[in-house]
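To keep things clear, I will list the structure first and then write my remarks on it.
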Amino acid sequence: MFLSVFIALFCFSTAVVAQYTVSTLPSPKAQGQDVFVSNPDGILSLAAEQELNQMARTIESKSGTEYAVVVVDDFEGYDIFEFALEVFNTWGMGKHDANNGLLLFIAKNRREYRFVSGYGLEGIFPDVYLHRIGEKQLVPNFQNGDYDGGVLAASKAVEQALLADDVQAELERMMPEAKPFVSLRNNNFLSAVFVIFLYVGLYFWVHRLGQKYRGEEKDKKQTGCSGWFVYVLLSIPAAGFTMLFMLLFSGVFAGGGKALFSAASVPYLLALCASYVLLFKLYEVRGSIKKSFLDEENKLKALKRFQRAAIVPYLFSPLMLFSFFALQRKYRNSAVRFVPPDDSGNWERQNRDAVDFKTFKSYLSSGQLKEESLETKVYEVWINKETQEKRLTGWDGKETHVACPACGFKTYKLRATKTLAAATYSRSGSRQVFNICANCKHTEDLGTEVIPKKVKSSSSSGGSSFGGGGSSGSGGGSFGGGSSGGGGAGGRW
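Those letters in the sequence shown? Residues -18 to -1, 1 to 475, by mature numbering (1 follows the signal peptide of the UniProt record, and there is no 0).
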(Lines of atoms letter the chains of each structure in order from A and count residues from 1; the text may use other names and numbers.)
(Lines give C-alpha, C1' and ligand atoms only; values in the text may rest on other atoms or scores of the structure.)
Protein backbone atom coordinates (compact mmCIF):
# COMPACT_ATOMS: atom_id res chain seq x y z
CA MET A 1 0.00 0.00 0.00
CA PHE A 2 2.75 2.44 1.01
CA LEU A 3 4.74 1.59 -2.12
CA SER A 4 1.74 2.27 -4.35
CA VAL A 5 1.15 5.67 -2.75
CA PHE A 6 4.84 6.55 -3.09
CA ILE A 7 4.88 5.61 -6.77
CA ALA A 8 1.71 7.64 -7.39
CA LEU A 9 3.13 10.70 -5.62
CA PHE A 10 6.40 10.37 -7.51
CA CYS A 11 4.64 10.20 -10.85
CA PHE A 12 2.44 13.19 -9.92
CA SER A 13 5.39 15.32 -8.82
CA THR A 14 7.30 14.39 -11.94
CA ALA A 15 4.37 15.46 -14.06
CA VAL A 16 4.08 18.74 -12.17
CA VAL A 17 7.71 19.71 -12.69
CA ALA A 18 8.00 18.25 -16.19
CA GLN A 19 9.76 20.51 -18.72
CA TYR A 20 9.56 20.03 -22.47
CA THR A 21 12.58 19.24 -24.54
CA VAL A 22 12.70 19.76 -28.28
CA SER A 23 12.04 16.08 -28.81
CA THR A 24 9.15 15.82 -26.33
CA LEU A 25 7.41 19.02 -27.43
CA PRO A 26 4.41 17.95 -29.56
CA SER A 27 4.58 19.19 -33.13
CA PRO A 28 1.28 20.62 -34.34
CA LYS A 29 1.75 18.73 -37.61
CA ALA A 30 1.39 15.51 -35.66
CA GLN A 31 -2.30 16.39 -35.41
CA GLY A 32 -2.69 17.19 -39.11
CA GLN A 33 -1.25 19.21 -41.95
CA ASP A 34 -3.65 22.08 -41.29
CA VAL A 35 -2.72 22.44 -37.62
CA PHE A 36 -0.28 25.20 -36.62
CA VAL A 37 -0.79 25.50 -32.86
CA SER A 38 0.94 23.43 -30.16
CA ASN A 39 -0.85 23.92 -26.83
CA PRO A 40 0.03 20.78 -24.81
CA ASP A 41 -0.64 22.35 -21.38
CA GLY A 42 -4.05 23.71 -22.33
CA ILE A 43 -3.09 27.31 -21.65
CA LEU A 44 -5.09 28.51 -24.65
CA SER A 45 -8.79 27.78 -24.96
CA LEU A 46 -10.10 25.47 -27.68
CA ALA A 47 -11.84 28.40 -29.38
CA ALA A 48 -8.58 30.36 -29.46
CA GLU A 49 -6.75 27.35 -30.91
CA GLN A 50 -9.29 27.00 -33.68
CA GLU A 51 -9.14 30.70 -34.55
CA LEU A 52 -5.34 30.67 -34.56
CA ASN A 53 -5.24 27.63 -36.83
CA GLN A 54 -7.63 29.34 -39.23
CA MET A 55 -5.46 32.47 -39.31
CA ALA A 56 -2.32 30.39 -39.91
CA ARG A 57 -4.01 28.51 -42.77
CA THR A 58 -5.05 31.82 -44.35
CA ILE A 59 -1.52 33.19 -44.00
CA GLU A 60 -0.02 30.10 -45.64
CA SER A 61 -2.50 29.95 -48.50
CA LYS A 62 -2.24 33.65 -49.40
CA SER A 63 1.39 34.50 -48.61
CA GLY A 64 3.15 31.14 -48.46
CA THR A 65 4.45 31.87 -44.95
CA GLU A 66 4.21 29.08 -42.37
CA TYR A 67 3.18 30.64 -39.07
CA ALA A 68 3.09 28.48 -35.93
CA VAL A 69 2.28 29.17 -32.27
CA VAL A 70 3.66 27.17 -29.33
CA VAL A 71 2.44 27.84 -25.77
CA VAL A 72 3.86 25.80 -22.86
CA ASP A 73 4.28 26.14 -19.13
CA ASP A 74 8.04 25.60 -19.24
CA PHE A 75 10.87 24.03 -21.22
CA GLU A 76 14.17 22.38 -20.47
CA GLY A 77 17.16 24.69 -20.73
CA TYR A 78 18.11 28.22 -19.81
CA ASP A 79 17.67 30.38 -22.89
CA ILE A 80 14.33 30.75 -24.67
CA PHE A 81 16.01 31.96 -27.84
CA GLU A 82 18.17 28.85 -28.19
CA PHE A 83 15.25 26.56 -27.43
CA ALA A 84 12.82 28.29 -29.80
CA LEU A 85 15.43 28.40 -32.57
CA GLU A 86 16.09 24.68 -32.19
CA VAL A 87 12.36 23.96 -32.30
CA PHE A 88 12.07 26.06 -35.47
CA ASN A 89 14.90 24.22 -37.21
CA THR A 90 13.92 20.78 -35.94
CA TRP A 91 10.41 21.22 -37.29
CA GLY A 92 11.79 22.71 -40.51
CA MET A 93 9.38 25.62 -40.56
CA GLY A 94 8.94 27.55 -43.79
CA LYS A 95 9.19 26.46 -47.40
CA HIS A 96 12.50 24.81 -48.20
CA ASP A 97 13.39 27.21 -50.99
CA ALA A 98 12.02 30.34 -49.29
CA ASN A 99 12.83 29.86 -45.58
CA ASN A 100 9.72 31.88 -44.80
CA GLY A 101 8.63 30.39 -41.48
CA LEU A 102 7.59 32.36 -38.40
CA LEU A 103 7.30 30.87 -34.91
CA LEU A 104 5.78 32.45 -31.81
CA PHE A 105 7.02 30.55 -28.74
CA ILE A 106 5.60 31.36 -25.27
CA ALA A 107 6.78 30.01 -21.89
CA LYS A 108 4.11 30.94 -19.36
CA ASN A 109 5.97 30.11 -16.12
CA ARG A 110 9.07 32.01 -17.25
CA ARG A 111 6.95 34.93 -18.44
CA GLU A 112 8.89 35.05 -21.69
CA TYR A 113 8.00 35.02 -25.37
CA ARG A 114 10.07 34.72 -28.53
CA PHE A 115 9.43 35.23 -32.24
CA VAL A 116 11.76 33.31 -34.57
CA SER A 117 11.74 34.13 -38.27
CA GLY A 118 13.31 32.35 -41.22
CA TYR A 119 15.93 33.81 -43.51
CA GLY A 120 13.40 34.69 -46.17
CA LEU A 121 11.15 36.55 -43.76
CA GLU A 122 13.79 38.69 -42.05
CA GLY A 123 13.93 41.25 -44.85
CA ILE A 124 10.15 41.36 -45.21
CA PHE A 125 9.22 41.37 -41.53
CA PRO A 126 12.07 43.13 -39.64
CA ASP A 127 12.75 42.15 -36.04
CA VAL A 128 11.88 45.61 -34.72
CA TYR A 129 8.26 45.13 -35.80
CA LEU A 130 8.05 41.68 -34.25
CA HIS A 131 9.33 43.17 -31.01
CA ARG A 132 6.78 45.97 -31.21
CA ILE A 133 3.93 43.49 -31.79
CA GLY A 134 5.04 41.63 -28.68
CA GLU A 135 5.19 44.81 -26.60
CA LYS A 136 1.84 46.13 -27.83
CA GLN A 137 -0.22 42.94 -28.04
CA LEU A 138 1.34 40.18 -25.95
CA VAL A 139 2.73 41.95 -22.89
CA PRO A 140 -0.35 43.98 -21.81
CA ASN A 141 -2.72 41.04 -22.25
CA PHE A 142 -0.39 38.54 -20.59
CA GLN A 143 0.07 40.85 -17.63
CA ASN A 144 -3.70 40.71 -17.19
CA GLY A 145 -3.70 36.92 -17.49
CA ASP A 146 -5.44 37.00 -20.89
CA TYR A 147 -3.36 34.56 -22.92
CA ASP A 148 -6.05 34.00 -25.53
CA GLY A 149 -6.42 37.73 -26.14
CA GLY A 150 -2.68 38.36 -26.33
CA VAL A 151 -1.87 35.56 -28.79
CA LEU A 152 -4.90 36.33 -30.96
CA ALA A 153 -4.12 40.06 -31.09
CA ALA A 154 -0.47 39.43 -31.99
CA SER A 155 -1.42 36.85 -34.62
CA LYS A 156 -3.96 39.20 -36.18
CA ALA A 157 -1.25 41.84 -36.49
CA VAL A 158 1.04 39.29 -38.16
CA GLU A 159 -1.76 38.25 -40.51
CA GLN A 160 -2.64 41.84 -41.42
CA ALA A 161 0.97 42.62 -42.30
CA LEU A 162 1.78 39.43 -44.22
CA LEU A 163 -1.38 39.59 -46.34
CA ALA A 164 -0.79 43.19 -47.41
CA ASP A 165 0.44 43.94 -50.94
CA ASP A 166 3.39 45.83 -49.47
CA VAL A 167 4.34 44.24 -46.15
CA GLN A 168 6.89 46.94 -45.26
CA ALA A 169 4.45 49.77 -45.95
CA GLU A 170 1.72 48.04 -43.95
CA LEU A 171 4.03 47.52 -40.98
CA GLU A 172 5.01 51.18 -41.06
CA ARG A 173 1.35 52.17 -41.21
CA MET A 174 0.41 49.86 -38.33
CA MET A 175 3.40 50.74 -36.14
CA PRO A 176 4.96 54.03 -37.22
CA GLU A 177 6.80 54.23 -33.89
CA ALA A 178 8.73 51.04 -34.73
CA LYS A 179 9.97 52.32 -38.07
CA PRO A 180 13.82 52.19 -38.27
CA PHE A 181 15.04 55.56 -37.07
CA VAL A 182 17.75 56.03 -39.71
CA SER A 183 15.45 55.94 -42.70
CA LEU A 184 14.35 58.52 -45.23
CA ARG A 185 10.81 57.30 -44.60
CA ASN A 186 11.06 58.19 -40.90
CA ASN A 187 9.87 61.73 -40.24
CA ASN A 188 11.66 61.77 -36.88
CA PHE A 189 14.98 61.08 -38.61
CA LEU A 190 14.34 63.74 -41.24
CA SER A 191 13.40 66.22 -38.52
CA ALA A 192 16.59 65.40 -36.60
CA VAL A 193 18.71 65.96 -39.72
CA PHE A 194 16.90 69.26 -40.33
CA VAL A 195 17.58 70.37 -36.74
CA ILE A 196 21.29 69.57 -37.09
CA PHE A 197 21.67 71.48 -40.37
CA LEU A 198 19.59 74.38 -39.02
CA TYR A 199 21.72 74.87 -35.92
CA VAL A 200 25.00 74.34 -37.79
CA GLY A 201 23.90 77.13 -40.12
CA LEU A 202 22.94 79.37 -37.20
CA TYR A 203 26.27 78.66 -35.50
CA PHE A 204 28.29 79.78 -38.53
CA TRP A 205 25.96 82.73 -39.02
CA VAL A 206 26.75 83.95 -35.50
CA HIS A 207 30.46 83.37 -36.07
CA ARG A 208 30.44 85.48 -39.23
CA LEU A 209 28.49 88.26 -37.51
CA GLY A 210 31.09 88.28 -34.75
CA GLN A 211 33.84 88.85 -37.30
CA LYS A 212 31.81 91.63 -38.91
CA TYR A 213 31.02 93.62 -35.77
CA ARG A 214 34.25 93.26 -33.80
CA GLY A 215 36.33 96.40 -33.46
CA GLU A 216 39.98 97.01 -34.28
CA GLU A 217 41.19 95.64 -30.94
CA LYS A 218 40.69 91.97 -31.86
CA ASP A 219 40.38 89.48 -29.05
CA LYS A 220 43.38 87.17 -29.25
CA LYS A 221 41.69 84.30 -27.42
CA GLN A 222 38.77 83.59 -29.73
CA THR A 223 37.92 79.92 -30.12
CA GLY A 224 36.64 80.41 -33.65
CA CYS A 225 34.43 77.79 -35.24
CA SER A 226 36.52 75.04 -33.67
CA GLY A 227 35.00 75.91 -30.30
CA TRP A 228 31.84 74.02 -31.26
CA PHE A 229 33.25 70.77 -29.82
CA VAL A 230 33.75 72.33 -26.39
CA TYR A 231 30.28 73.82 -26.56
CA VAL A 232 28.76 70.44 -27.48
CA LEU A 233 30.41 68.89 -24.42
CA LEU A 234 29.09 71.70 -22.24
CA SER A 235 25.61 71.45 -23.75
CA ILE A 236 25.13 67.82 -22.70
CA PRO A 237 25.00 68.41 -18.91
CA ALA A 238 23.09 71.66 -19.48
CA ALA A 239 20.47 69.84 -21.53
CA GLY A 240 20.44 67.05 -18.94
CA PHE A 241 19.57 69.49 -16.16
CA THR A 242 16.87 71.01 -18.35
CA MET A 243 15.36 67.58 -19.00
CA LEU A 244 15.44 66.82 -15.28
CA PHE A 245 13.61 70.07 -14.65
CA MET A 246 11.03 69.09 -17.27
CA LEU A 247 10.58 65.69 -15.65
CA LEU A 248 10.14 67.14 -12.19
CA PHE A 249 7.87 70.05 -12.97
CA SER A 250 5.91 69.20 -16.10
CA GLY A 251 4.03 66.19 -14.72
CA VAL A 252 5.85 63.71 -16.92
CA PHE A 253 6.30 61.30 -14.03
CA ALA A 254 2.56 61.17 -13.55
CA GLY A 255 1.91 60.43 -17.20
CA GLY A 256 4.90 58.19 -17.80
CA GLY A 257 8.34 59.52 -18.73
CA LYS A 258 8.90 57.15 -21.65
CA ALA A 259 7.61 59.72 -24.15
CA LEU A 260 10.52 62.00 -23.32
CA PHE A 261 13.01 59.34 -24.43
CA SER A 262 11.14 57.97 -27.45
CA ALA A 263 12.28 58.25 -31.06
CA ALA A 264 9.72 61.00 -31.60
CA SER A 265 11.50 63.17 -29.03
CA VAL A 266 14.97 62.87 -30.64
CA PRO A 267 14.58 66.01 -32.80
CA TYR A 268 13.46 67.98 -29.74
CA LEU A 269 16.34 66.69 -27.60
CA LEU A 270 18.77 67.55 -30.39
CA ALA A 271 17.25 71.03 -30.62
CA LEU A 272 17.62 71.40 -26.84
CA CYS A 273 21.33 70.51 -26.92
CA ALA A 274 21.90 72.61 -30.04
CA SER A 275 20.21 75.63 -28.46
CA TYR A 276 22.77 75.46 -25.64
CA VAL A 277 25.62 75.18 -28.16
CA LEU A 278 24.24 78.27 -29.88
CA LEU A 279 23.85 80.02 -26.52
CA PHE A 280 27.54 79.45 -25.69
CA LYS A 281 28.52 80.70 -29.14
CA LEU A 282 26.40 83.85 -28.77
CA TYR A 283 27.99 84.56 -25.39
CA GLU A 284 31.46 84.04 -26.85
CA VAL A 285 30.85 86.40 -29.75
CA ARG A 286 29.25 89.03 -27.51
CA GLY A 287 32.27 88.85 -25.23
CA SER A 288 34.69 89.19 -28.13
CA ILE A 289 32.83 92.26 -29.42
CA LYS A 290 32.91 93.87 -25.96
CA LYS A 291 36.64 93.25 -25.58
CA SER A 292 37.40 94.66 -29.03
CA PHE A 293 36.28 98.18 -28.03
CA LEU A 294 37.68 100.53 -25.41
CA ASP A 295 34.98 103.13 -25.88
CA GLU A 296 31.67 102.33 -24.17
CA GLU A 297 29.45 104.00 -26.79
CA ASN A 298 31.17 102.17 -29.63
CA LYS A 299 30.86 98.94 -27.68
CA LEU A 300 27.13 99.36 -27.04
CA LYS A 301 26.42 100.37 -30.64
CA ALA A 302 28.33 97.36 -31.99
CA LEU A 303 26.50 95.01 -29.62
CA LYS A 304 23.17 96.51 -30.60
CA ARG A 305 23.93 96.07 -34.31
CA PHE A 306 25.07 92.51 -33.65
CA GLN A 307 21.91 91.65 -31.73
CA ARG A 308 19.72 93.14 -34.44
CA ALA A 309 21.51 91.08 -37.11
CA ALA A 310 21.45 87.93 -34.95
CA ILE A 311 17.79 88.10 -33.93
CA VAL A 312 17.02 84.73 -35.59
CA PRO A 313 19.79 82.85 -33.71
CA TYR A 314 18.60 84.53 -30.52
CA LEU A 315 15.08 83.20 -31.12
CA PHE A 316 16.45 79.67 -31.58
CA SER A 317 18.32 79.94 -28.27
CA PRO A 318 15.52 81.29 -26.04
CA LEU A 319 17.61 81.67 -22.88
CA MET A 320 19.70 84.30 -24.67
CA LEU A 321 16.63 86.50 -24.96
CA PHE A 322 17.15 87.52 -21.32
CA SER A 323 20.56 88.87 -22.31
CA PHE A 324 19.06 90.43 -25.43
CA PHE A 325 16.55 92.52 -23.51
CA ALA A 326 19.08 93.32 -20.77
CA LEU A 327 21.38 94.91 -23.36
CA GLN A 328 18.48 96.84 -24.88
CA ARG A 329 17.68 98.22 -21.43
CA LYS A 330 21.32 99.09 -20.77
CA TYR A 331 21.56 100.90 -24.09
CA ARG A 332 18.52 103.03 -23.27
CA ASN A 333 19.78 103.81 -19.76
CA SER A 334 23.21 104.77 -21.09
CA ALA A 335 21.87 107.21 -23.68
CA VAL A 336 22.13 110.15 -21.25
CA ARG A 337 25.79 109.35 -20.69
CA PHE A 338 26.67 110.37 -24.22
CA VAL A 339 24.75 113.67 -24.22
CA PRO A 340 27.08 116.75 -24.43
CA PRO A 341 27.24 119.26 -21.56
CA ASP A 342 25.11 121.80 -23.47
CA ASP A 343 23.32 122.31 -26.78
CA SER A 344 25.93 124.58 -28.34
CA GLY A 345 27.13 121.84 -30.64
CA ASN A 346 30.74 122.64 -29.82
CA TRP A 347 31.39 119.72 -27.53
CA GLU A 348 33.20 116.65 -28.79
CA ARG A 349 33.32 113.47 -26.75
CA GLN A 350 36.72 111.81 -26.69
CA ASN A 351 36.43 108.43 -28.37
CA ARG A 352 38.72 106.02 -26.55
CA ASP A 353 39.10 103.89 -29.66
CA ALA A 354 40.25 106.92 -31.67
CA VAL A 355 42.32 108.81 -29.07
CA ASP A 356 45.79 107.64 -28.11
CA PHE A 357 45.73 105.96 -24.70
CA LYS A 358 48.45 108.23 -23.28
CA THR A 359 46.55 111.29 -24.46
CA PHE A 360 43.35 110.07 -22.86
CA LYS A 361 45.18 109.34 -19.59
CA SER A 362 46.38 112.93 -19.50
CA TYR A 363 42.77 114.08 -19.17
CA LEU A 364 42.30 112.18 -15.88
CA SER A 365 43.88 112.60 -12.46
CA SER A 366 45.63 109.75 -10.67
CA GLY A 367 42.55 109.24 -8.49
CA GLN A 368 40.27 109.05 -11.49
CA LEU A 369 42.62 106.61 -13.21
CA LYS A 370 42.57 104.46 -10.06
CA GLU A 371 38.75 104.52 -10.06
CA GLU A 372 38.72 103.34 -13.67
CA SER A 373 41.24 100.59 -12.94
CA LEU A 374 39.01 99.38 -10.08
CA GLU A 375 35.97 99.79 -12.37
CA THR A 376 34.15 101.69 -9.62
CA LYS A 377 33.74 104.71 -11.85
CA VAL A 378 34.18 105.52 -15.52
CA TYR A 379 34.62 108.95 -17.09
CA GLU A 380 33.53 110.57 -20.31
CA VAL A 381 35.78 113.40 -21.49
CA TRP A 382 34.29 116.32 -23.45
CA ILE A 383 36.43 118.95 -25.24
CA ASN A 384 34.98 122.22 -26.47
CA LYS A 385 36.18 122.65 -30.04
CA GLU A 386 36.21 126.44 -29.80
CA THR A 387 37.55 127.12 -26.30
CA GLN A 388 39.37 123.79 -25.74
CA GLU A 389 37.65 123.64 -22.36
CA LYS A 390 37.68 120.17 -20.83
CA ARG A 391 34.76 118.72 -18.89
CA LEU A 392 34.54 115.32 -17.20
CA THR A 393 31.36 113.41 -16.36
CA GLY A 394 31.66 110.43 -14.07
CA TRP A 395 29.42 107.34 -14.05
CA ASP A 396 29.25 104.82 -11.26
CA GLY A 397 30.44 101.29 -11.87
CA LYS A 398 31.05 98.43 -9.44
CA GLU A 399 30.11 98.88 -5.78
CA THR A 400 33.24 97.22 -4.39
CA HIS A 401 34.56 100.53 -3.00
CA VAL A 402 33.10 103.72 -1.55
CA ALA A 403 34.20 107.36 -1.57
CA CYS A 404 37.35 107.93 0.46
CA PRO A 405 36.88 110.41 3.36
CA ALA A 406 40.37 111.77 2.66
CA CYS A 407 40.70 112.13 -1.13
CA GLY A 408 37.06 111.79 -2.17
CA PHE A 409 37.64 109.20 -4.87
CA LYS A 410 35.62 105.98 -5.00
CA THR A 411 38.64 103.90 -4.04
CA TYR A 412 38.00 103.25 -0.34
CA LYS A 413 37.83 99.55 0.55
CA LEU A 414 35.79 98.75 3.65
CA ARG A 415 36.79 95.99 6.07
CA ALA A 416 39.92 94.80 4.37
CA THR A 417 41.78 92.17 6.39
CA LYS A 418 45.34 91.05 7.01
CA THR A 419 46.07 87.75 8.73
CA LEU A 420 48.28 88.16 11.78
CA ALA A 421 48.25 84.55 12.95
CA ALA A 422 46.79 81.71 10.94
CA ALA A 423 44.27 79.41 12.62
CA THR A 424 45.16 75.74 13.12
CA TYR A 425 43.28 72.68 14.38
CA SER A 426 44.68 73.29 17.88
CA ARG A 427 44.37 77.06 18.26
CA SER A 428 42.51 80.03 16.83
CA GLY A 429 44.15 82.78 14.81
CA SER A 430 43.78 86.53 14.44
CA ARG A 431 43.49 89.12 11.70
CA GLN A 432 43.66 92.86 11.50
CA VAL A 433 40.57 94.63 10.10
CA PHE A 434 40.87 98.06 8.49
CA ASN A 435 39.53 100.39 5.82
CA ILE A 436 42.04 101.52 3.21
CA CYS A 437 42.06 103.75 0.16
CA ALA A 438 43.67 102.32 -2.98
CA ASN A 439 44.47 105.85 -4.14
CA CYS A 440 45.79 107.94 -1.24
CA LYS A 441 46.43 104.98 1.13
CA HIS A 442 44.34 106.59 3.88
CA THR A 443 43.78 103.87 6.49
CA GLU A 444 41.37 103.46 9.39
CA ASP A 445 42.21 100.69 11.85
CA LEU A 446 39.15 98.74 13.05
CA GLY A 447 41.03 96.47 15.45
CA THR A 448 41.55 92.73 15.34
CA GLU A 449 39.26 89.75 15.00
CA VAL A 450 39.61 86.14 16.09
CA ILE A 451 39.84 83.52 13.37
CA PRO A 452 38.07 80.35 14.62
CA LYS A 453 40.05 77.15 14.92
CA LYS A 454 39.88 74.78 11.99
CA VAL A 455 37.46 71.90 12.46
CA LYS A 456 38.18 68.45 11.09
CA SER A 457 35.48 66.86 8.99
CA SER A 458 33.33 64.43 10.97
CA SER A 459 32.29 62.43 7.94
CA SER A 460 32.72 58.75 8.58
CA SER A 461 34.58 56.55 6.22
CA GLY A 462 33.34 53.21 5.27
CA GLY A 463 32.98 50.96 2.35
CA SER A 464 29.70 50.66 0.63
CA SER A 465 29.12 47.78 -1.65
CA PHE A 466 26.95 47.87 -4.70
CA GLY A 467 25.42 44.61 -5.73
CA GLY A 468 25.26 43.93 -9.40
CA GLY A 469 22.70 41.69 -10.84
CA GLY A 470 21.66 40.86 -14.31
CA SER A 471 18.19 41.77 -15.33
CA SER A 472 16.65 39.91 -18.18
CA GLY A 473 14.63 42.10 -20.42
CA SER A 474 13.03 42.22 -23.76
CA GLY A 475 15.28 42.06 -26.70
CA GLY A 476 15.57 40.80 -30.17
CA GLY A 477 17.93 40.84 -32.98
CA SER A 478 19.59 38.85 -35.63
CA PHE A 479 21.53 35.88 -34.29
CA GLY A 480 23.46 33.31 -36.28
CA GLY A 481 22.74 29.63 -36.30
CA GLY A 482 20.24 27.31 -37.84
CA SER A 483 18.33 27.70 -41.07
CA SER A 484 16.36 30.58 -39.62
CA GLY A 485 19.51 32.57 -38.94
CA GLY A 486 18.22 33.50 -35.50
CA GLY A 487 16.07 36.37 -36.73
CA GLY A 488 13.19 37.52 -34.56
CA ALA A 489 12.52 39.26 -31.30
CA GLY A 490 11.52 38.47 -27.74
CA GLY A 491 10.65 39.89 -24.39
CA ARG A 492 9.11 39.42 -20.95
CA TRP A 493 5.95 40.43 -19.18
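Beta carbons: idealized from backbone N, C-alpha and C, even for Gly.
Every value quoted in this text rests on a predicted model; they were computed, and no experiment measured them.
Three or more C-beta pairs below 8 Å linking the stretch 379 to 390 and the stretch 419 to 438: yes
Validate contact between the stretch 390 to 406 and the stretch 363 to 375 using beta carbons, cut 8 Å, 3 pairs: no
Three-way DSSP call (helix, strand, coil) for TYR250 in this model: helix
contact_flag[the stretch 302 to 319, the stretch 331 to 343] where n(CB pairs < 8 Å) is 3 or more: no
Collapsed DSSP secondary structure at SER270 in the structure displayed: helix
GLU368, DSSP secondary structure in three states: coil
Segment limits, beta strand (DSSP E) that includes ALA403: 394 to 403
ALA134 classed as buried or exposed, judged by whether at least 16 other C-beta atoms fall within 10 angstroms: The question names Ala, but residue 134 in the sequence shown is Leu. LEU134 comes out buried.
Span separating the alpha-carbon of GLN36 from that of ALA30: 10 Å
Continuous alpha helix (DSSP H) assignments of at least 4 residues falling wholly in the stretch 302 to 374: 302 to 316, 339 to 344, 348 to 356
Between the CA atoms of ASN126 and TRP475 - distance to the nearest angstrom: 10 Å
SER137, buried or exposed, once every other Cβ within 10 Å from all chains shown has been counted against 16: buried
Extent of the continuous beta strand (DSSP E) run through GLN414: 411 to 419
Integer Cβ distance of LYS438 from THR406, believed to fall under 8 Å: 11 Å between Cβ atoms; not a contact.
GLY132 and LEU120 closer than 7 Å at C-beta: yes
Neighbourhood of GLU330 by C-beta distance below 6 Å, restricted to the same chain and skipping five residues each side: ILE365, LYS367, listed in sequence order.
8 Å Cβ shell around VAL432 - same chain, five flanking residues per side excluded: Cβ neighbours of VAL432 within its own chain (closer than 8 Å, five residues either side excluded): SER410, GLY411, SER412.
Alpha carbon of ALA139 to alpha carbon of CYS255, nearest angstrom: 38 Å
Touch test, the stretch 95 to 107 against the stretch 68 to 77, Cβ-Cβ under 8 Å, three pairs minimum: yes
Helix, strand or coil at TYR49 [DSSP, three-state]: strand
Spatial distance of VAL17 from LYS90 (CA atoms): Rounded to the nearest angstrom, the two C-alpha atoms are 21 Å apart.
Alpha carbon of GLU278 to alpha carbon of TYR296, nearest angstrom: The C-alpha of TYR296 is placed about 23 Å away from the C-alpha of GLU278.
Inter-residue CB distance, TYR313 and LEU282 (contact presumed, cutoff 8 Å): 5 Å
Beta-carbon proximity list for PHE57, same chain, < 7 Å, skipping 5 on both sides: If we look at PHE57 and ignore the five residues flanking it on each side, its Cβ neighbours are GLN1, TYR2, PHE65, ALA89.
Length of the line joining the Cα atoms of ARG96 and GLY24: 19 Å
Local conformation of TRP187 per DSSP, three classes: helix
When GLU42, ILE115, ARG92 are compared against ASN81, the one with the closest alpha-carbon: Sorting GLU42, ILE115, ARG92 by C-alpha distance to the C-alpha of ASN81 places GLU42 at the top.
Secondary structure of VAL(-14), DSSP reduced to three states: Per-residue confidence for VAL(-14) stands at a pLDDT of 47, beneath the threshold of 50, marking its modelled position as unreliable; the derived number appears in the next sentence. It is helical.
Unbroken alpha helix (DSSP H) run spanning SER137, endpoints: For SER137, the uninterrupted alpha helix (DSSP H) segment begins and ends at 129 to 144.
LEU261 beta carbon less than 7 Å from that of LEU285: no
Member of SER299, GLY46, VAL54 whose CA lies at the smallest distance from the CA of VAL4: Looking at the Cα atoms, VAL54 is the closest of the given residues.
Reference VAL259, options ALA246, PHE298, ASN280, closest by Cα: PHE298
Closest residue to GLU381 among GLN370, GLU354, THR369, GLU371 (Cα-Cα distance): GLU354
PRO22 beta carbon less than 7 Å from that of PRO10: no
Assigned exposure category for LEU34 - 16 Cβ within 10 Å defines buried: buried
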